[in-house]
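J.:
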Amino acid sequence: MTPDLYLVLAAILFTIGLVGFLIRRNALILFMSTELMLNAANLVLVSASWVHGVLDGQVAAFFVMVVAAAEVVIGLSIIVTIFRARRSTSVDNESLLKG
Amino acid sequence: MTVLETLVPVAATGLFSYAWLLIAIPLAGALILLAGGKATNAWGPYLATLAPFASFALGLAYFVQLLGQPASERAVRDGVYEWIAAGHWHFEVAILLDPLSVAFLLLVTGVGGLIHLYSLGYMAHDPNKRRFFGYLNLFIAAMLILVLADNYLVLFVGWEGVGLASYLLISFWQERPSAAAAGKKAFIVNRVGDLGLLLAIFTMLAMFGSSQFSVVNAGAAQLSPAWVTFIGFMLLVGACGKSAQVPLHTWLLDAMEGPTPVSALIHAATMVTAGVYLVVRSGAIYAEAPKAQLAVAIVGVVTLLAGAWIGCAKDDIKKVLAGSTMSQIGYMMLAAGIGPAGYAFAIFHLLTHGFFKANMFLGAGSVMHATNDDVNMRHYGGLAKAMRITFVTFGIGYLAIIGIPFFSGAYSKDGIIEAAYESQPALGILALLGAGITAFYMTRLILMTFLGEKRWQSGVHPHEAPALMWIPLVVLALGSFCLGMILNGWIGSWLEPIGAEAPEHATWLPDFSHWISWVVLVVVLIGVGIAYLLFGRKPVPATPPADVSPFTTIGRHDLYIDEAYVKGIAGGTYALGNGVAFVDDHGVDAAVEGLGAVTLATGSVVRRTQNGYVRSYGLTMLIGLVAAGVVLILTQLV
Amino acid sequence: MTGLLLLVSTGQTVAFWICAVLAVIAAVGVIASSRPIYSALCLAVVMVSLAALYASLQAEFLFAVQIIVYTGAVLMLFLFVIMMVGVTTHETLVETLRGHRVPALVAGGCLVVLLALATGNVVTSDPAGLDTVQEEGYIQALAQLIFQRYVIPFEATAALLITAAVAAMVLAHPKRLAPKPDQTTRLRERLAAYAATGAHPGPAPASGVTARHNSMATPALLPDGTVAEASVTPTLVSRVGLRTPEELTGPMQSAVKALEGGPSVILSTPSASPSAPSVILSEAKDLSADQDDSAPTTAVETPEPEPDLDAGYTPPPDPDAEKGGAK
Chain A
25 MTPDLYLVLA AILFTIGLVG FLIRRNALIL FMSTELMLNA ANLVLVSASW VHGVLDGQVA
85 AFFVMVVAAA EVVIGLSIIV TIFRARRSTS VDNESLLKG
Chain B
5 MTVLETLVPV AATGLFSYAW LLIAIPLAGA LILLAGGKAT NAWGPYLATL APFASFALGL
65 AYFVQLLGQP ASERAVRDGV YEWIAAGHWH FEVAILLDPL SVAFLLLVTG VGGLIHLYSL
125 GYMAHDPNKR RFFGYLNLFI AAMLILVLAD NYLVLFVGWE GVGLASYLLI SFWQERPSAA
185 AAGKKAFIVN RVGDLGLLLA IFTMLAMFGS SQFSVVNAGA AQLSPAWVTF IGFMLLVGAC
245 GKSAQVPLHT WLLDAMEGPT PVSALIHAAT MVTAGVYLVV RSGAIYAEAP KAQLAVAIVG
305 VVTLLAGAWI GCAKDDIKKV LAGSTMSQIG YMMLAAGIGP AGYAFAIFHL LTHGFFKANM
365 FLGAGSVMHA TNDDVNMRHY GGLAKAMRIT FVTFGIGYLA IIGIPFFSGA YSKDGIIEAA
425 YESQPALGIL ALLGAGITAF YMTRLILMTF LGEKRWQSGV HPHEAPALMW IPLVVLALGS
485 FCLGMILNGW IGSWLEPIGA EAPEHATWLP DFSHWISWVV LVVVLIGVGI AYLLFGRKPV
545 PATPPADVSP FTTIGRHDLY IDEAYVKGIA GGTYALGNGV AFVDDHGVDA AVEGLGAVTL
605 ATGSVVRRTQ NGYVRSYGLT MLIGLVAAGV VLILTQLV
Chain C
15 MTGLLLLVST GQTVAFWICA VLAVIAAVGV IASSRPIYSA LCLAVVMVSL AALYASLQAE
75 FLFAVQIIVY TGAVLMLFLF VIMMVGVTTH ETLVETLRGH RVPALVAGGC LVVLLALATG
135 NVVTSDPAGL DTVQEEGYIQ ALAQLIFQRY VIPFEATAAL LITAAVAAMV LAHPKRLAPK
195 PDQTTRLRER LAAYAATGAH PGPAPASGVT ARHNSMATPA LLPDGTVAEA SVTPTLVSRV
255 GLRTPEELTG PMQSAVKALE GGPSVILSTP SASPSAPSVI LSEAKDLSAD QDDSAPTTAV
315 ETPEPEPDLD AGYTPPPDPD AEKGGAK
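Here is the structure:
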């Protein structure tokens, strides 16, 4: 079992998350894509921890989860706020910041 | 080594330490009148009239005191206060009382006082009389600062002060557009001269570290000839501006828009002689700069002839007198340009001219007063009978200016012509010619104004002026008559301490020892004769004849110098301005606007990439990331 | 030992391939489904797969945390918000930005190739495994790290979480833009709306009033027997649609028929409340005089619950209901 496979899997998941971020409009799905990317990163951390035989990678992944949780809380609050104001969750509606 | 260097001013003591009062009295008068407002309307003019007389009395006291001292000690310096103290620069406001400044002091306050008195009558019905007297006092104060200063910087303060007073008084009747324009013209033309004086002062400060007369005079000999010549020329430019010398004379003729007492006081007797004062005061500079000195003499001669030429052609009595003023100051400049031999005559002529020209100007004012402010001589004629006092006093002034022996002008002008001939025969001959022309146009003036048949306009009833006006005329006429006799034997030696050469064996009698004096007399009589033939024997047409010689036409147009300025300098400036504006519009602006347009166009294209969609920005970042990764990997491979 | 390792390795390999395939398919589902609710469920699959992978990588603690925090808490939060902002919102998958999707997909493909190339060969040694570091116990070792070496970041995350909680409250708390309208104002508004558009000035009918069913999705029936659409939330309407009066009254009609047919049905409903029939009867009498025959009939037959309804349900003896009906 070669550890590289974990990294390749993480790369695939990360890219899927990234592409999802780019092609979807719904802010909720955008957030899910972000979670996907964070999870891919976590997978790298955990597998690296396993490869190198130290637990620090797992601790880092743990912290990432905590931060992700916090981020989700804030992000979803923002989505709710925006939804309340504009009755929409499409990020394409928030395009006032343009030249 | 001139005498001048031996004349070191002594510090003021006793009565001399109150010399600042000379300036303070008229200045206070001006302040009270101008700041006091309507409250001073009733008594202000009388107070203002007292001020120059008070200064005159004090000046007379100083004069007597100086007279009592040996010639080498006739200079008193009264430091008033330190004006500027910065680093190694120290400029003091100080009053210098020496023979030259005292002569001016007496002239300015004496003639000035008489003209104040005259103005009380002349301006009696003017609604702005108070303001007029305030300005007059301001002028007296500024002129006294000018002549009493002991350094060029303070002199410059007075120089600008008289310029300001002159401006204010020329455009005193500011409701007349011509008066306002004339005031502006005087101010602007004077700026050209002031620039010259400023450059001279700056050069002195750079070279000597001080602008004090004694320091400059002492240092002039050690300075390199180039710098001395430069200072001399710049001083000449300044003198040209203030003294209405060619080519900066054009303002003087327009300055006649001011009230006649102003023309008499400022533009004939005192202020316009400041240039002569400056040149004489800077004698040490000119002693080291022969070229500048020659230039002074040439400017004097040219102005002398130009003024006389203009005087011949004008019909406006005040403009004739203005041309005559130019001409007479030209004589003074010529004398000053001769060098020490002419200084005494320059100042002598300045003093006599101050009297007889003020006399004649006031006489002209009296005539205008009698003819409803008409200045056209073609509307006069036969006024002698109606205005006897004016006629007699004016006649004395006339005799003085053309140089009839025993009258004051004869002494000074003969002396100048003689000195000029001795120095440069050509200058002397031209000055002689000028004397003839002077006699011609002054005779023309007398004939057209006082003699001949009446050509009065309807409704004009000439009458003698009130006593307040004719008393000064009488005093000035007396001065015009006897000042020459009084001063002739004495002025040379009086002025010797400031560097003038006293003429030998001068007495109160006219000096006909030199043949040229006879020639002058003959030329003058010829001028009078021609004028009589042309104007005395046939009636004067009421409108100026059109078929006149080119000389007359040129003279009527002030020698076309104004036109030349308008076409040359103003036109050139306009053209330059238009050119610069064109370059600005089509070069600079086009470049800037083009840059802006290019930026705008670029922006309107590039703007599309900023569509506000987060996802687009994300894609851009992703592409950048991929590109960076590719580059990284490629470099690894290489 | 080697055999054990091989066994572990084999098990790990099997777990990897199962979980990896599941995770990738579910991840594609996250970004490809048109409704957020499906995306969230797909995400849950990804998370659980990853949790399994963590377990196979000797990260048991993270396995648990992944399940509890991510799948449990975070995803629940997602679901709450989805419900809140409208479970029905579904976006069309047609791309609206011109020239966006294809470049995004191409760039994504390039990125995955790049990442695979970059990471596919970085590990050259055999994995060390975590057996040696957890001699005194896995949890103990992890706790030592967290509470000793990483105690400061740990405390910092605590602060972060508190901040996030406060921030969420601040954000989610709506700011009142205008003063709260008092009763008079609202009354005026209602009447003005009634004057302008004819909107009903009274309160919207509550779901379940005169309902024959215990579900929120059952609309109220108006006295004329039609369905009061305002009595059901639009979300439910969009999900299951409104029931027609026929659908609602159908069982009653059949019950009436059965009554006419024979009394056996009545005997079979022993738990009918004694008070309810009178209430409904009076209501029906008051309001439905001019209705067609079915309504009074229905009302009369109300004490007969249909067999398919909740047999234990008893309409409460609510005096308000009588008042409201009499209005």
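Quick note, the sequences are listed as chains A, B and C, same order.
Reading the first sequence from the start, the letters are residues 25 to 123 in our numbering.
Reading the second sequence from the start, the letters are residues 5 to 642 in our numbering.
Reading the third sequence from the start, the letters are residues 15 to 341 in our numbering.
Here a beta-carbon is modelled for each residue, glycine too, at the ideal position from N, C-alpha and C.
#1: Go to E203(C), then tell me how far its beta strand (DSSP E) extends in each direction, as first and last residue.
#2: From the DSSP output, in three-state form, read off E261(C) for me.
#3: Determine the extent of the alpha helix (DSSP H) in which Y85(B) is found, giving its start and end residues.
#4: With contact counted as at least three CB pairs below 8 Å, one residue from each stretch, are the stretch 107 to 123 of chain B and the stretch 469 to 489 of chain B in contact?
#5: Which value, in whole angstroms, describes the spacing of the CA atoms of Y425(B) and F349(B)?
#6: Just to confirm, is the Cβ distance from F176(B) to P74(B) under 7 Å?
#7: Go ahead and label P188(C) buried or exposed: buried means 16 or more other beta carbons lie within 10 angstroms of its beta carbon, across all protein chains shown.
#8: Suppose you measure from the CA of L281(C) to the CA of P265(C); what does that come to, to the nearest Å?
#9: Between the alpha carbons of G503(B) and G236(B), how many angstroms are there, rounded?
#10: Can you confirm whether the stretch 438 to 455 of chain B touches the stretch 402 to 415 of chain B when touching is taken to mean that 3 or more C-beta pairs between the two stretches lie within less than 8 Å?
#11: What residue from G493(B), N380(B) and L338(B) has the CA that sits closest to Y415(B)'s CA?
#12: With DSSP collapsed to three states, give me the class of F136(B).
#13: Select from the stretch 115 to 127 of chain C all residues with a C-beta closer than 8 Å to any C-beta belonging to chain B, and list them in chain order.
#14: Can you tell me whether DSSP reads D140(C) as helix, strand or coil?
#15: Indicate whether at least one CB of chain C lies closer than 7 Å to the CB of V630(B).
#16: Could you tell me whether the Cβ of T113(A) comes closer than 7 Å to any Cβ of chain C?
#17: Drop a sphere of 10 angstroms on the beta-carbon of V584(B), count the other beta-carbons inside from all chains shown, and report buried for 16 or more, exposed for fewer.
#18: Looking only at C-alpha atoms, which of V270(C), Y68(C), P215(C) and A242(C) sits nearest to L201(C)?
#19: What residues of chain B sit near L37(A), judged by a beta carbon separation below 7 Å?
#20: Going by Cα to Cα distance, which pick from R111(A), A109(A) and F87(A) is closest to A173(C)?
#21: What's the gap between the Cα of V544(B) and the Cα of M260(B)?
#22: Could you tell me the alpha carbon to alpha carbon distance between V283(B) and V596(B), rounded to whole angstroms?
#23: Is it true that the CB of L449(B) sits closer than 7 Å to the CB of V324(B)?
#24: Does F107(A) have its Cβ less than 7 Å from a Cβ in chain B?
#25: Spatial neighbours of G81(A) within its chain, please: CB distance less than 7 Å, with the 5 preceding and 5 following residues excluded, ordered by chain position.
#26: Could you tell me whether the stretch 329 to 337 of chain B touches the stretch 562 to 578 of chain B, using the rule of 3 or more Cβ pairs below 8 Å?
#27: Per DSSP, what kind of secondary structure is I408(B) in: helix, strand or coil?
#28: Could you pull the DSSP bridge partners for V151(B) from this structure?
#29: What is the rounded straight-line gap between the Cα of V83(A) and the Cα of G622(B)?
#30: Can you tell me which residues form a DSSP beta bridge with D377(B)?
#31: For D551(B), which three-state DSSP category applies?
#32: Identify, in the order they occur along the chain, each residue of the same chain with its Cβ nearer than 6 Å to the Cβ of F38(A), setting aside the five sequence neighbours on each side.
#33: With 7 Å as the C-beta to C-beta threshold (strictly closer), list the residues of the stretch 40 to 71 of chain A near chain B in chain order.
#34: Since P49(B) and L148(B) should fall inside the 8 Å C-beta cutoff, what is the C-beta to C-beta distance between them, to a whole number of angstroms?
#35: According to DSSP, is D28(A) helix, strand or coil?
#36: Kindly say whether G616(B), judged by its beta-carbon, lies nearer than 7 Å to any beta-carbon of chain C.
T.: From the atom records:
#1: From DSSP, E203(C) is part of no beta strand (DSSP E) but of the alpha helix (DSSP H) over Q197 to T211.
#2: helix
#3: Looking at the DSSP string, Y85(B) is not in any alpha helix (DSSP H); the run it does join, the beta strand (DSSP E), is V80 to A90.
#4: yes
#5: 13 Å
#6: no
#7: exposed
#8: Confidence at L281(C) is low in this model, with a pLDDT of 44, below 50, so the placement of that residue should be treated as unreliable; the coordinate-derived value is given next. Each residue's alpha carbon lies about 17 Å from the other.
#9: Using only the alpha carbons, I get a separation of about 17 Å.
#10: yes
#11: G493(B)
#12: helix
#13: From the stretch 115 to 127 of chain C, only P117, A118, A121, G122, C124 and L125 have a Cβ closer than 8 Å to chain B.
#14: coil
#15: yes
#16: yes
#17: exposed
#18: Closest option to L201(C), Cα to Cα, is P215(C).
#19: Simply none; closest approach about 16 Å.
#20: The shortest Cα separation from A173(C) among R111(A), A109(A) and F87(A) belongs to F87(A).
#21: Straight-line Cα distance between these residues: approximately 24 Å.
#22: 52 Å
#23: yes
#24: no
#25: By the criterion of a C-beta distance shorter than 7 Å, G81(A) is surrounded in its chain by L69, V70, A72 and S73, once the five residues flanking it on both sides are discounted.
#26: no
#27: coil
#28: In DSSP, V151(B) forms no bridge with anything.
#29: 30 Å
#30: According to DSSP, which records beta bridges pairwise, D377(B) is partnered with nothing at all.
#31: coil
#32: Closer than 6 Å at Cβ, skipping near neighbours: M61 and A64.
#33: L42, F45 and L46
#34: Their Cβ separation, rounded to whole angstroms, is 20 Å, which puts P49(B) and L148(B) out of contact at 8 Å.
#35: Collapsing the DSSP output to three states places D28(A) in a helix.
#36: Under the 7 Å criterion on CB atoms, G616(B) is classed as non-interfacial with respect to chain C.
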